[in-house]
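Down below is the structure, laid out as structure tokens.
Residue numbers (this note's numbering): 71 to 248.
Here it is as structure tokens:
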């Protein structure tokens, strides 16, 4: 809502004029999170293990891209621009988080994306922590998937893939990638 109303831009510009006080404060807070300070490891995670245990994370990234695209197109941004804006920094963000974590990701991405990340996180993190995550069972985040089988019913797989393929962001993406 802040982006569409213009409040995001005016707040960000005011912060830039104030030597990025909010931006740098949020960046410092990110550096103190448990995620940032978790010990590094050299444990290899197989692709299968990643997908077996990363279901919720993958679903949230997908939902975030789709929601961003929908919000932009609903506000009048053309599909092509909404596709670009909802996805263009995703590979950089994912690779940087994987290699260097969130703090470094925020240093590397554009200031606009970093500022947007903090504004989103300041609203979303409390909602996720207090309202959503307590209702999420371990079955949703992948516990036990590999214990008996990692097979999926073909009808379910076809239905899920059909849902994914039929989102407007997928249509415009296919067209743009030609």
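No residue lacks a Cβ here, since even glycine has one placed at the ideal position from N, Cα and C.
By the criterion of a C-beta distance shorter than 8 Å, residue 187 is surrounded in its chain by 176, 179, once the five residues flanking it on both sides are discounted. Out of 154, 207, 165, the CA that lies nearest to the CA of residue 135 is found in 154. Excluding its 5 nearest sequence neighbours in each direction, residue 163 has C-beta neighbours in its own chain below 7 Å: 175, 179, listed in chain order. Annotation: the continuous alpha helix (DSSP H) that includes residue 247 extends over 238 to 247.
Non-local beta-carbon contacts of residue 160 in its own chain, meaning distances under 8 Å to residues more than five positions away in sequence, involve 131, 135 in chain order. Exposed is the label assigned to residue 108, since fewer than 16 other Cβ atoms lie within 10 Å of its Cβ. Under the three-state reduction of DSSP output, residue 120 falls in the helix class.
The C-beta distance from residue 106 to residue 198 rounds to 17 Å, too long to meet the 8 Å contact threshold. The DSSP assignment places no complete run of the beta strand (DSSP E) inside the region 76 to 163 (cut-off: 3 residues).
Between the alpha carbons of residue 211 and residue 196 lies a gap of roughly 19 Å. In the displayed model, residue 186 falls within a helix according to three-state DSSP. The DSSP-derived three-state label of residue 180 is coil.
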